[in-house]
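Take a look at the structure below.
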Amino acid sequence: MLQTLRHYGSVAVCFARLAIQRQLEYPLFLVSWFLMIPIQYFSGIWMLKILVDRFQPLNGWDFPELAFVYGLGLISHGIMVVLFINTWHIDNMVINGQFDRLLLRPMNVFFQLVSSYFNFIGLIDLIPGTVVFLYGCHLVGFEWTFANMIKLILVLIGGVLIRASLFIALGTIAFRTKKNASMVGFALSLLERATMYPLSIYPYVIQVLFTFVIPIGFISFYPAVGFLGKSSGFQIPFDLALWTPAVGIVCFLLSQQLFKSGLKHYESSGS
Amino acid sequence: MLQAYAYITKMRILTNLAYRFEVFASIGSNLILLVASVFLWKAAYGGGVVRSGGIGLQDIVTYTIVSVLLASIFVCGVQDTIYYKIREGQIVTDLYRPIPLLAGYLADDLGSMASALVNKAIPLIVFASLFFGFPLPHSVSGLLLFIPSCMFSYAILWLLSALVGLVAFWVMELGNMGSVKDAIVRVLSGSLVPLWFFPEGVQTVSKYLPFQYTYQTPIGIYIGAAGTSEALQAMAVQGLWIGILFAAVVLFWKKTKTKTLIQGG
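Here it is in structure tokens:
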């Protein structure tokens, strides 16, 4: 057991090193990302600031609290992009036959899929995420106690797992249809709009959908409700911040089942 | 000569109409943006009680719908086309062609725009009307001025796109600078939040930049935020920017042609 773990660990490290080297081969290529991503996300939070300043807090969420949710959502997005970006490209790998290579190796297919690309560029997403979140924490007077820090880490892990599960579930569609790139883009914009603003601004139906059906409300909204002592549309028992890792693990296990059953139906594209 | 361009446009329309699935996803993403923005505004207005500078909630909902519509129609593929063709070295075959490179790309983008009008704008209008009411113009004269103003907007956006696209000839290592420009345009064009809500300082600076004349000007005319004389004035500025950007593209292209470096083969 221990030996297997060590083996998997060493493979992951080796893959990561290769991926980073590959991405740093043309360092100037990163310049456009370095400019675009911070501009995009900082301007997003700036828009919220303008709205709150000109009008009023959004459904009782003032700017510091909005920054907290926005930052929390963005950090989990950043971590997801660094670790799991290959789940976006399953269709491409199926079409050009790269996926067949994973099936031939004596290792867990999902592990290979995810570990074969450590997305160094995704760290850029974490810069605005961390800055906005820390700023939000400062404004709301977030207490950096040991218990809160543990909770925060659990929330981030849970949030990343929920996001990853969604993309894994979408990826398994590619096993049958060979094409799902457009659904990935769709899911990305959905996640962005649903996790970076408080869920309570949306109508009841959407809140139900994002709480019980596709539980993306647990990525940033419910944990923020818990941390900031706000009220949400639903009375959810226990500590809200602890729901996120629980939901995340359940989603992830479900998505693994989907992935496995999808693999059974997998037929190579034959290229 | 015009036949060549018409052919490029026609082929682009036919190609785009063939890819249905991509279209659904694009409509989906636009709908999410639309719905999210509308509810954000509803929360900000708090049930329509608050009014800011005479702009009511219904006006701003109309603004948002028209903005998302325009964004789905205004296709400026030229920057990506140039960038990818240079990276792959395919630009060389386009340079061989007996028509000017940029004009060919414009014909291509116009084709995308025509197909987007059919398969993206119409479904979006139907959806928006069902949920938020049909986005009616403020007045007939507003509607009549809106249409030419939109054409001017597209000209500005396309020329900006071409200008950034040409940068790829000089520094292809920098990645796609077009996405950086797009991120700036999204904010400063007032496509999400109209600039009249921005802090004074930003508004003043923005008057001397081309961005607000791309989305805010036509939509402001549509919802009646700008009267007829203001609208004509803004359109004159649009015309001025088209002139400046056109001259810049022509000059830059002249310089660029001599500098072309073909990668790979």
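Just so you know, the sequences run in chain order B and L. Per the working numbering, the very first residue in the first sequence carries number 4; after that it's consecutive. Per the working numbering, the very first residue in the second sequence carries number 168; after that it's consecutive. The beta-carbon is built from N, C-alpha and C at its ideal position, and this holds for glycine as well. Note that the structure is predicted; figures quoted are calculated from it, not measured.
Extent of the continuous alpha helix (DSSP H) run through residue i
{"i": "cysteine 17(B)", "result": "5 to 26"}
{"i": "serine 223(B)", "result": "Serine 223(B) -> no alpha helix (DSSP H), and no H or E assigned at all."}
{"i": "glycine 391(L)", "result": "Here glycine 391(L) belongs to no alpha helix (DSSP H), and DSSP marks it neither H nor E."}
{"i": "glycine 244(L)", "result": "Premise fails: glycine 244(L) is in no alpha helix (DSSP H) and is neither H nor E."}
{"i": "proline 290(L)", "result": "289 to 299"}
{"i": "valine 331(L)", "result": "307 to 337"}
{"i": "asparagine 151(B)", "result": "149 to 180"}
{"i": "tyrosine 272(L)", "result": "268 to 283"}
{"i": "glycine 232(B)", "result": "Glycine 232(B) -> no alpha helix (DSSP H), and no H or E assigned at all."}
{"i": "proline 131(B)", "result": "126 to 143"}
{"i": "threonine 214(B)", "result": "Run containing threonine 214(B): none; DSSP gives neither H nor E here."}
{"i": "asparagine 95(B)", "result": "93 to 98"}
{"i": "glutamate 367(L)", "result": "367 to 374"}
{"i": "leucine 341(L)", "result": "No alpha helix (DSSP H) contains leucine 341(L), which DSSP labels as neither H nor E."}
{"i": "glutamate 68(B)", "result": "66 to 87"}
{"i": "tyrosine 263(L)", "result": "258 to 263"}
{"i": "tryptophan 363(L)", "result": "Premise fails: tryptophan 363(L) is in no alpha helix (DSSP H) and is neither H nor E."}
{"i": "threonine 176(L)", "result": "169 to 185"}
{"i": "phenylalanine 45(B)", "result": "34 to 57"}
{"i": "leucine 105(B)", "result": "101 to 107"}
{"i": "lysine 426(L)", "result": "Premise fails: lysine 426(L) is in no alpha helix (DSSP H) and is neither H nor E."}
{"i": "isoleucine 227(L)", "result": "224 to 240"}
{"i": "isoleucine 204(B)", "result": "Counting along the chain, isoleucine 204(B) falls outside any alpha helix (DSSP H), and DSSP gives it neither H nor E."}
{"i": "glutamine 379(L)", "result": "Unbroken run through glutamine 379(L): none, as it is neither H nor E."}
{"i": "phenylalanine 114(B)", "result": "112 to 118"}
Residues near residue i by beta carbon distance below 8 Å, same chain, minus five either side
{"i": "isoleucine 409(L)", "result": "Phe319, Ala322, Ile323, Leu326"}
{"i": "histidine 268(B)", "result": "Phe178, Arg179"}
{"i": "leucine 269(L)", "result": "Val245, Ala329, Val416, Trp420"}
{"i": "leucine 231(B)", "result": "Glu68, Phe71, Val143"}
{"i": "valine 285(L)", "result": "Leu184"}
Neighbouring residues, chain B, relative to residue i (Cβ below 8 Å)
{"i": "phenylalanine 365(L)", "result": "Ile53"}
{"i": "glycine 394(L)", "result": "In chain order: nothing, as chain B lies at least about 22 Å away."}
Of the listed residues the options, nearest to residue i (C-alpha basis)
{"i": "tyrosine 225(B)", "options": "Lys263(B), Val250(B), Val208(B)", "result": "Val250(B)"}
{"i": "threonine 198(B)", "options": "Gln210(B), Phe178(B), Ile219(B)", "result": "Ile219(B)"}
{"i": "isoleucine 42(B)", "options": "Lys348(L), Leu418(L), Phe365(L)", "result": "Lys348(L)"}
{"i": "valine 134(B)", "options": "Leu212(B), Phe45(B), Thr90(B), Gly125(B)", "result": "Phe45(B)"}
{"i": "phenylalanine 378(L)", "options": "Ala401(L), Val205(L), Ile199(L)", "result": "Ala401(L)"}
{"i": "tryptophan 337(L)", "options": "Phe313(L), Thr423(L), Ala185(L)", "result": "Thr423(L)"}
{"i": "leucine 376(L)", "options": "Ile411(L), Ser279(L), Gly278(L), Ile388(L)", "result": "Ile411(L)"}
{"i": "glutamate 397(L)", "options": "Leu207(L), Leu200(L), Gln225(L), Leu312(L)", "result": "Leu312(L)"}
{"i": "valine 187(B)", "options": "Glu189(L), Leu169(L), Leu184(L)", "result": "Glu189(L)"}
{"i": "serine 168(B)", "options": "Tyr138(B), Phe87(B), Phe32(B), Gly139(B)", "result": "Phe87(B)"}
{"i": "glycine 357(L)", "options": "Leu54(B), Trp147(B), Cys17(B)", "result": "Leu54(B)"}
Listed by chain order, chain L residues near residue i by CB distance under 8 Å
{"i": "leucine 173(B)", "result": "Going along chain L, no residue has its Cβ under 8 Å from leucine 173(B), so there is no contact; the nearest lies around 11 Å."}
{"i": "isoleucine 219(B)", "result": "Residues of chain L passing the Cβ test: none, with the nearest at roughly 12 Å."}
{"i": "leucine 61(B)", "result": "Leu207, Ala210, Ala211"}
{"i": "serine 46(B)", "result": "Ala350, Arg353, Val354"}
Same chain only: Cβ atoms within 6 Å of residue i, ignoring 5 sequence neighbours per side
{"i": "asparagine 246(L)", "result": "Asparagine is not the amino acid found at residue 246(L); the sequence shown has glutamine there. Closer than 6 Å at the Cβ level, and outside the excluded window around glutamine 246(L), lie Ser328, Val331, Gly332, Gly345."}
{"i": "serine 271(B)", "result": "Asp103"}
{"i": "valine 163(B)", "result": "Ser79, Ile82, Met83"}
{"i": "leucine 69(B)", "result": "Leu51"}
{"i": "arginine 343(L)", "result": "A quick correction: the sequence has asparagine, not arginine, at residue 343(L). Tyr250, listed in sequence order."}
{"i": "tyrosine 73(B)", "result": "Ile48, Val135, Met199"}
Listed by chain order, chain B residues near residue i by CB distance under 7 Å
{"i": "isoleucine 199(L)", "result": "Ser192, Leu193, Arg196"}
{"i": "glycine 195(L)", "result": "Phe189"}
{"i": "leucine 359(L)", "result": "Met50"}
{"i": "phenylalanine 206(L)", "result": "Ile204, Tyr205"}
Residues of its chain near residue i, where Cβ-Cβ distance is below 7 Å and the 5 sequence neighbours each way are ignored
{"i": "phenylalanine 262(B)", "result": "Phe113, Ile171, Thr175"}
{"i": "glycine 432(L)", "result": "Only weak support exists for where glycine 432(L) lies, its pLDDT of 43 falling under 50; the coordinates are left without a value."}
{"i": "alanine 288(L)", "result": "Leu236, Ser239, Ile240"}
{"i": "glutamine 26(B)", "result": "Phe123, Ile124"}
{"i": "isoleucine 204(B)", "result": "Leu61, Asn62"}
Cβ-heavy atom distance, residue i to the ligand NAP, below 8 Å
{"i": "valine 331(L)", "result": "With respect to the ligand NAP, the structure shown offers nothing to examine, as it has no ligands at all."}
Per-residue contacts from residue i into chain L (C-beta, under 7 Å)
{"i": "tryptophan 36(B)", "result": "Gly342"}
{"i": "glutamine 43(B)", "result": "Ala350"}
{"i": "methionine 186(B)", "result": "Ala192"}
{"i": "methionine 96(B)", "result": "Under the 7 Å cutoff, chain L gives no residues; its nearest Cβ is about 19 Å from methionine 96(B)."}
{"i": "methionine 39(B)", "result": "Ser346, Val347, Ala350"}
Amino acids of chain L, ordered along the chain, whose beta-carbon sits closer than 9 Å to that of residue i
{"i": "tyrosine 200(B)", "result": "Ala203, Phe206, Leu207, Ala210"}
Self-check item: Against chain B: residues of the region 334 to 355 of chain L by CB proximity under 7 Å
Solution: Taking a C-beta cut-off of 7 Å against chain B, the contacting residues of the region 334 to 355 of chain L are Glu340, Leu341, Gly342, Asn343, Met344, Ser346, Val347, Ala350, Ile351, Val354, listed in chain order.
Quiz prompt | Near-chain L residues of the region 9 to 32 of chain B - C-beta to any C-beta below 7 Å | solution = Residues are counted here when their Cβ sits less than 7 Å from a Cβ of chain L; for the region 9 to 32 of chain B these are Tyr29, Leu31, Phe32, given in chain order.
Exercise. Note down, in chain order, all residues in the region 170 to 192 of chain L with a beta-carbon under 8 Å from any beta-carbon belonging to chain B.
Key: Phe188, Glu189, Phe191, Ala192
Quiz item: Mind listing which residues of the region 254 to 272 of chain B have their C-beta closer than 7 Å to chain L's C-betas, in chain order?
Solution: none
Quiz prompt | Selection of the region 395 to 422 of chain L by Cβ proximity to chain B, strictly under 9 Å | solution = none
Quiz item: Which residues, in chain order, does the region 305 to 336 of chain L contribute to contact with chain B at a C-beta distance below 8 Å?
Solution: none
Quiz item: Which of the residues in the region 123 to 144 of chain B, read from start to end, lie with their CB under 7 Å from any CB of chain L?
Solution: none
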